[in-house]
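Everything below concerns the one structure shown next.
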Amino acid sequence: MTRVGVVTVPGSLDDRDAQRAVRLAGGEPVPLWHGAHDLDGVAAVVLPGGFSYGDYLRCGAIAAHSPIMSEVIAAAERGMPVLGICNGFQILVEAHLLPGGLVANDHGAFLCRDQVLRVENTSTAWTSLYEPGQHITVPLKNGEGGYIADAATLERLEGEGLVAFRYAGINPNGSANDIAGLTNPAGNIVGLMPHPEHATEPGFGPDTDAAMRSGTDGLALFRSALERVLA
Amino acid sequence: MTDAPASPAFPRPAASAPAVDSTANAAATPEREQPYAALGLKQEEYLRIRDLLGRRPTSGELAMYSVMWSEHCSYKSSKVHLRQFGQKVSPEMTANLMVGMGENAGVVDIGEGWAVTFKIESHNHPSFVEPFQGAATGVGGIVRDIISMGARPVAVMDALRFGALDHPDTHRVLPGVVSGISFYGNCLGLPNIGGETWFDPVYQANPLVNALAVGVLRHEDLHLANARGVGNRVVLFGARTGGDGIGGASILASESFAEGSGRKRPAVQVGDPFAEKVLIECCLELYRAGLVEGIQDLGAAGISCATSELAANGEGGMAIELDAVLLRDPSLTAEEILMSESQERMMAIVAPEKLEGFLAVTSKWDVETSVLGEVTDTGRLRITWRGETIVDVDPRTVAVDSPVYERPIAYPAWLDAVRADTSATLPRASDGDQLRAQLLALLGSPNLADKSRLTDQYDRYVLGNTALSQPDDGGMIRVDERSGLGVALATDANGRYAYLDPYAGAQLALAEAYRNVAVTGATPVAVSDCLNFGSPEDPEVMWQFSRAVEGLADACLALGIPVTGGNVSFYNQTGQVPIHPTPVVAVLGVIDDVGRRVPSGWQDEGDNLYLLGATAEELDGSAWAGTLHGHLGGHPPRVDLERERDLAALLAAAAHEGLLNAAHDLADGGLGVAAAEACLRFGVGARLVLDGLLERDGVDSTAALFSETGGRVLVAVPREEDVRFTRLCEGRGYPVLRIGVTDAGGEGGPDAALEVQGMFRLPLAELRARWSAPLATVLGEGAITAAVR
Amino acid sequence: MPVIVVEVMPKAELLDPAGKAVAGALAKQGRAHFSQVRIGKRFELTVDEVTEATLDEARELADDLLSNGVIEDVLRIYSAAAPLDPPA
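Residue numbers (the working numbering), protein chains in the order written: chain A, 1 to 231; chain B, 232 to 1020; chain C, 1021 to 1108.
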C-alpha cells in the first residue's frame, strides 16, 4: 500500500483527519513528527491544517523552520507530491515553496462554511482525477485565508496556469483573483486553504442536495496523488 | 475554572515585615493583624482557621484558606442544597455512572469499553470584564477538567446570555465573547457542536458565558485527582506561573492594604490555546504510557486548590517546595504563587521510577515541568519557601471541610403578583394576516433569529467525527469509528420560566435538553448543570436557588438520569437586581450508530409531518408573550416528566427503525417557530393543516401556533414508513396527529414556502430575510461580508 | 505628512503567548540568549498637523480604542515627521 506521510507539528489539528482521508483514498497514512529529519520512506506528504505554534507570529512561520521541513523541501524539489491544507498551505508559503502570502480574512473573523471551488488546473499531482472547471464543495475554516501577492506574481500565476483552485460563487475572505489554492510549475506541490480531507467520508462532510453531510468531493485529491505515485 | 476569580489580590507585606511568614513566625506573633476581610473571609471564618491551626495562619495559609473557602471553590452556600443530587438517586441512575459528582467531571459508561466525561461551567464575570479573554479562558478551563479525567476532549458547546441586542454594551460583549470562544476552541482543534444564545436586558451588566466540554476515554484510562502512594512525586507542568488572575472582584476592597506595596496585579487571565493543545497531546501520551498515578488541572485557586485537593483525596499528606515552581515573573511572592490562576497548568502524581519517562514525554512536547515535592502519610500539607515552612495544614480542612451555610430563604414578595398577571388578557390574533405577521416578528426577534453569524466562527468539522451540530437541536459526535457509537449533547435554559417558577423552570430546562437529545435519535443518559443565580445573601435569590435545585433533582429522579457534575455561579446581578434564575442544563445521550442520527429540518419532498404530543393553552412566559407583548407573568407550562420519558423512548425506537427523516423539538415560539426553523434548515417548505389540532386539543390558532406546551416534537416521516410510524405511536399510546406534508417548492425551491392552510403563506425567502437580519445588524458588515450569506 | 505614533504593549504581568511562541522558536534555533520576546503594536495616525488637540485626541483614542486597558498598556505617544519607511 502506498505510504503517505502526514506531518504533525505542535498545534497541528487536522492531522488525524488527513490520515483518515489518506486511508479512505486507499493509501497508508504515516505520521511524521516535526522534529524528525526523516520522511520514513513515504511517497507523498501532506501538511495538515491547524494553528502550528499558535500561529501567533505569522501563520505557519515557525513551523516552516522545523527540522522535518528541510526534508520536505528537499523531497519536493525532487518531485515528491506535497499537499498543504490550510495551515499547511501557509507553511508552504512561508517556506517559499509557493509564492505570495495569506492574511486575515477581509471581514476580520474566522469563518467555517461549505465552500464551492472550481478546479482550475487538473495537471497537478493532486488534481488529475478532477475535470477541468469542475465544481467541488469542501469545508472552509480559517481566520487568515486571504491570499495576497504582488501584481507581477499574480500575473505570472495566472499566465502559467498555477492557480489550482478558485473560490466559486462567493469569495469568502477577500483572496486576490478568488485564489483558493496554488500549484508550483512542476505540479507536484499544491496548497489550498479549504479542507478537502473533511469531504472524504459520507456522514461527516459538507451538505449536498442529496443528503446532509454526504459530500466526498475531496477524496479525488488524495486518490490523484496515490495514482500519480503508482504510475 | 473560576467565575469571579476566587482569589482577591493578596496584600503585599509592609516593608518592615519579615520576608517569609513562617509557621514558627506565626506561632511567635499571634497578635499580628491579618487582612482576612480584604481576602473575603468573614471574622468567624478567620477565627475558625485560627482554631483549626491552634495559632494564627501564616500569610500563605491565609491565602490558601481564603481562596479555597471562597464561594466559588467551596460551594459554601449551595452545598446543603446540592446534596439532593446525591440523595435522590435510583439504581438505574447509577448503573452506568463510573464517576459521579465531586470529581473534576462525571464519567459515564456508554458501552463497548468506552466512557464519556462532560461538564458545563460558568465564566460569567471574567467575560464581562474582558469578553475575549474571559470567554477564551472559560473554554480552556473546562477542557482541562476533561483532560484531567484521562479523556481526550472531542467537542465543546456554549450557552450564552447577553443583554438586549440593541444595547451598546452588547456590541462590546457579544463579539468579544464569540471571538474568544472561536479563538480558543478553534485553536485547540475541538469542534463546537452547539449551544444557545439568548438576549434579555436582565443580563445587561452580567452576561452568562457557560462553556461545556465533552471527552471520551477507554474505561481503563480513567484518571482521578488523588495523591496516592507515599513517596510519589508531585509534578507541576504546563505554562509557567505568573501574576495573572490574582485579584479580581475584591481588588479595590484590598487596595488600602496594598497601598505603596508594589503594583496592582491584573485580575484577568490571558489564554494560550496553543499551550493547551500541546498540553492535551502531552497528557494523552503520558496516560497511554501509564506514567501518571493521579492528576488535577489548575483552575480557580491554582496551586492552593491542586495541592490541597490532591492531598485530601489521597494519602492525606504532601510536602511541597514552592521554590521549585517555574515562574514567569520572578518577583511573585509565595502568597501570589499559591493564589495565581495562570492558565494551561496541570499537576500530576508520578511514581519515582516513572519520573524519567514522564519528563521524556513532557520534553518531547516542549512542556516545562518541575518536581515540587512528594506524597506523604503525615496527614499534613506542608509547603516550604526559601527554607522555611510557610504552610502546615490538614488538607481536608482546606479542601473538604470548608464552611457550610444554611442561608436564609424567603419567598419573593413580588412573586404572587407576577403569577397573578397571566397572559390571558393579551390580545390574540384575529386573522391569518396577523398570525403571519406575528410569526415573522418572532423569527425576526433576537432570541429566535438565525445564529449562524456567530456559530460560523466556530470550527464544526475538525476531528472528522461531527455527525450533527448547530443549528440542529443537539450536537452529535462519533466516538467509535468502527461501530459508529456516538454521543449527543444539548444545553437549555429558560430564565423567564424560572423567574415565574424556579422549581418548574429548572425542570423545563431539563425536559427541553432531554427532548433535544431525544430528537437526534440518541437516548439521554446523564446531566450536567450550570446554575446561574444572583447573590446567595439575598434570601429571595436563595429561595429561587433552593427551588431550582429541588426541581432539578426531582426531575432527574423521574427521568432516571443522574447529574454527574456542574457548577454554581452566584452573584450574577447588577447592583441589587439579580438576573433571572438561569439553571442551564446539559443532557448527554448515547446512540449506537451515529449513521442513524436525525436532523432537525426536512430535506425531502413529500414527507408526512406529524405532531407528537398534545397542545394546551400555555402562553405564560412564552416567546409570544414576551416578544410580541413585552409580558412576563403567570405560570410556566406544566411539567410532565412521564410524558417526556415516553416521548424520548418513542423517538429512539423510531430513529432506530429508520422511520424519521427529521425531528424538531417544539420550544420557544411553539409550533409556528419550530415549523419555520425546520423549513429553513435545508430550504424545504411545508404545507400545514391545523384544523384537526384545533379540534382535538380545543385551542385557538394563536395557542396552536405559539403555545409552549412540553412533550411535543414535529417529525417528518417518509411516506413508505407511514404505517409503521403511526402503529408505533399508537402502540405506545402517544398522541400523534398528521398535520401536513413537506413541499420542496419545485426544482431548486423557487416556490418553497411555509403554508398554513386557511391562515397564511410565507415564502421561505421572506422568512429567511427576517430570520437572518438581527444578528447581521449587531455584528455589522465588518464581521462577515453580506456576500458570504 | 506628520504622524502621531502610539505604541501599545501587552501588560508586563500578563502572559504574552505570541512573544512566548517566538522565544521558543529562537531557543530551538540555538538562540536562547534572546531570553524573552514581547510583541506589541505600533500605530501611526497620519494628521495634517500635530497639535496639542490632536495629541490629546490621540491619547484618548489610545486608551479607548487602540488599546485594551485590561490587558494592554499604552507605552508612549509621540509625534514624528512622517510614517516610518523601511530602510532603503
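Even glycine gets a Cβ: it sits at the ideal position worked out from N, Cα and C.
Amino acids of chain B, ordered along the chain, whose beta-carbon sits closer than 9 angstroms to that of Gly1044/C:
The residue labelled residue 1044/C in the question sits at position 24 within the third sequence. Under the 9 angstroms cutoff, chain B gives Asp597.
Out of Glu144/A, His96/A, Cys112/A, Ala74/A, state which residue places its alpha-carbon closest to the alpha-carbon of Ala104/A.
Taking the first residue of the first sequence as position 1, residue 104/A is located at position 104. Nearest of Glu144/A, His96/A, Cys112/A, Ala74/A to Ala104/A, Cα basis: Glu144/A.
Please state whether DSSP places Cys536/B in a helix, a strand or coil.
Against the second sequence, residue 536/B aligns to sequence position 305. It is helical.
Excluding five sequence neighbours on each side, which residues of the same chain lie with their C-beta closer than 6 angstroms to the C-beta of Ala225/A?
Here the question's residue 225/A lines up with position 225 in the first sequence. These residues qualify, in order along the chain: Ala44, Pro81, Ala125, Trp126.
With 16 as the cutoff for other CB atoms within 10 Å, does Arg78/A come out buried or exposed?
The residue labelled residue 78/A in the question sits at position 78 within the first sequence. Sixteen is the threshold: since fewer than 16 other Cβ atoms of the shown chains lie within 10 Å of the Cβ of Arg78/A, the residue is exposed.
I'd like the span of the beta strand (DSSP E) that includes Gly903/B, first residue to last.
Reading the second sequence from its first residue, position 672 is the one you call residue 903/B. Note, Gly903/B: premise wrong, no beta strand (DSSP E); alpha helix (DSSP H) at 901-913.
Would you say Ala1041/C reaches chain A, if we count a Cβ-Cβ gap shorter than 7 angstroms as a contact?
As a first step, residue 1041/C is located in the third sequence; it is residue number 21 there, counting from the start. So yes, Ala1041/C belongs to the interface.
When the Cα of Asn188/A is compared with those of Val138/A, Pro67/A, Leu92/A, Ala36/A, which residue comes out closest?
As a first step, residue 188/A is located in the first sequence; it is residue number 188 there, counting from the start. Considering only alpha carbons, the answer is Leu92/A.
Pull out every residue of the region 556-581 of chain B whose Cβ sits closer than 8 angstroms to any Cβ of chain C, in chain order.
The region 556-581 of chain B vs chain C, Cβ under 8 angstroms: Arg559, Asp560, Ser573, Gln574.
According to DSSP, is Trp126/A part of a helix, a strand, or is it coil?
Counted from its first residue, the first sequence places residue 126/A at position 126. Note: Trp126/A maps to coil in three-state DSSP.
Specify whether the region 1051-1059 of chain C and the region 572-585 of chain B touch according to this definition: at least 3 beta carbon pairs, one from each stretch, less than 8 angstroms apart.
With a cut-off of 8 angstroms, the region 572-585 of chain B and the region 1051-1059 of chain C do not count as touching, because too few Cβ pairs lie within range.
So, are the CB atoms of Ala935/B and Leu925/B less than 7 angstroms apart?
Within the second sequence, residue 935/B is the residue found at index 704, counting from 1. Within the second sequence, residue 925/B is the residue found at index 694, counting from 1. Yes, the Cβ-Cβ distance between Ala935/B and Leu925/B is below 7 angstroms.
Three Cβ pairs or more, each shorter than 8 angstroms: is that satisfied between the region 651-661 of chain B and the region 783-796 of chain B?
The region 651-661 of chain B vs the region 783-796 of chain B: no contact.
Buried or exposed, going by whether 16 or more other CB atoms sit within 10 Å of the CB of His450/B?
As a first step, residue 450/B must be located in the second sequence, where it is residue number 219. Exposed, because fewer than 16 other Cβ atoms sit within 10 Å of the Cβ of His450/B.
I need the DSSP call for Leu603/B, collapsed to helix, strand or coil.
Walking along the second sequence from the start, residue 603/B turns up at place 372. Strand.
Does Arg667/B come out as helix, strand or coil in the three-state DSSP assignment?
Residue mapping note: residue 667/B aligns to position 436 of the second sequence, counting from 1. Arg667/B falls in the helix class under three-state DSSP.
Quick one: Cα of Glu507/B to Cα of Ser1087/C, how far?
Start at 1 with the first residue of the second sequence, and residue 507/B comes out as number 276. Start at 1 with the first residue of the third sequence, and residue 1087/C comes out as number 67. Roughly 26 angstroms separates the two Cα atoms.
Is the beta carbon of Gly717/B sitting closer than 7 angstroms to the one on Arg709/B?
Here the question's residue 717/B lines up with position 486 in the second sequence. Here the question's residue 709/B lines up with position 478 in the second sequence. Here Gly717/B is near Arg709/B, since their CB atoms are less than 7 angstroms apart.
Does the pairing of the region 879-894 of chain B with the region 797-806 of chain B give three or more beta-carbon distances under 8 angstroms?
The region 879-894 of chain B vs the region 797-806 of chain B: no contact.
When you compare the CB of Pro67/A with every CB in chain B, is at least one pair closer than 7 angstroms?
As a first step, residue 67/A is located in the first sequence; it is residue number 67 there, counting from the start. No, because no Cβ of chain B sits closer than 7 angstroms to the Cβ of Pro67/A.
Just the chain C side, please: which residues come within less than 8 angstroms of Glu361/B by C-beta, in chain order?
Here residue 361/B corresponds to residue number 130 of the second sequence, with the count starting at 1. In chain order: Asn1088, Val1090, Ile1091.
Would you call the CB atoms of Glu540/B and Ala456/B closer than 7 angstroms?
Residue 540/B sits at position 309 when you count from the first residue of the second sequence. Residue 456/B sits at position 225 when you count from the first residue of the second sequence. Yes. Within cutoff.
Around the C-beta of Asp528/B, are 16 or more other C-beta atoms found within 10 angstroms, so that it is buried, or is it exposed?
As a first step, residue 528/B is located in the second sequence; it is residue number 297 there, counting from the start. Flag for Asp528/B reads buried.
Could you give the uninterrupted runs of the alpha helix (DSSP H) lying entirely in the region 338-383 of chain B, keeping only those of 4 residues or more?
For the alpha helix (DSSP H) assignment, the uninterrupted runs of no fewer than 4 residues enclosed by the region 338-383 of chain B are, from N- to C-terminal side, 355-360, 362-378.
Provide the residue span of the beta strand (DSSP E) that contains Ser777/B, from first to last.
Here residue 777/B corresponds to residue number 546 of the second sequence, with the count starting at 1. In the DSSP assignment, Ser777/B falls outside any beta strand (DSSP E) and lies within the alpha helix (DSSP H) extending over 770-790.
Reduced DSSP category for Cys208/B - H, G, I as helix; E, B as strand; rest coil
Coverage of chain B is limited to positions 232 through 1020, which leaves residue 208/B absent and any answer about it impossible.
Looking at Asp851/B and Gly942/B, is the spacing between their C-beta atoms short of 7 angstroms?
As a position in the second sequence, residue 942/B is number 711, starting the count at 1. As a position in the second sequence, residue 851/B is number 620, starting the count at 1. Taking 7 angstroms as the Cβ cut-off, Gly942/B and Asp851/B do not qualify as a contacting pair.
Under three-state DSSP, which class holds His895/B?
For the purposes of this step, residue 895/B is taken as the residue at position 664 of the second sequence. Three-state DSSP puts His895/B in a strand.
Alpha carbon to alpha carbon, how far is Asp207/A from Arg494/B? Give it in angstroms, no decimals.
Taking the second sequence and counting its residues from 1, one reaches residue 494/B at position 263. Taking the first sequence and counting its residues from 1, one reaches residue 207/A at position 207. Any reading at Arg494/B needs caution, since the residue's pLDDT is 43, under 50, leaving its predicted position unreliable; the model's value is listed next. Each residue's Cα considered, the two are about 55 angstroms apart.
Is there contact here, the region 459-466 of chain B with the region 546-556 of chain B, by at least three beta-carbon pairs under 8 angstroms?
By the C-beta criterion, the region 459-466 of chain B is judged to be in contact with the region 546-556 of chain B, since at least 3 inter-stretch pairs fall below 8 angstroms.
Along chain C, which residues have their Cβ under 9 angstroms away from the Cβ of Gly27/A?
Translated into the one-based positions of the first sequence, residue 27/A becomes position 27. At a beta-carbon threshold of 9 angstroms, none of the residues of chain C lie near Gly27/A; the nearest stands roughly 31 angstroms away.
In its own chain, which residues sit with a C-beta less than 7 angstroms from the C-beta of Thr428/B, not counting the 5 before and 5 after it?
On the second sequence, position 197 is the one that residue 428/B refers to. Around Thr428/B: Leu391, Lys682, Leu685.
Kindly indicate if chain B contains any beta-carbon less than 7 angstroms away from that of Leu1095/C.
On the third sequence, position 75 is the one that residue 1095/C refers to. Taking 7 angstroms as the CB threshold, Leu1095/C stays off the interface with chain B.
Which same chain residues end up closer than 8 angstroms to Arg955/B when comparing Cβ atoms and leaving out the 5 residues on each side of it in sequence?
Indexing the second sequence from 1 puts residue 955/B at position 724. Excluding positions up to five away in sequence, the list reads Glu888, Leu890.
Against Leu694/B, what residues of chain A qualify as contacts under a CB-to-CB distance less than 9 angstroms, listed in chain order?
One-based indexing of the second sequence puts residue 694/B at position 463. Proximity of chain A to Leu694/B at the Cβ level (cut-off 9 angstroms) is accounted for by Leu13, Asp14, Arg16, Asp17, in chain order.
Counting Cβ pairs closer than 8 angstroms, one from the region 126-142 of chain A and one from the region 201-220 of chain A, do we hit at least three?
Between the region 126-142 of chain A and the region 201-220 of chain A there are three or more C-beta pairs closer than 8 angstroms, enough to call the two in contact.
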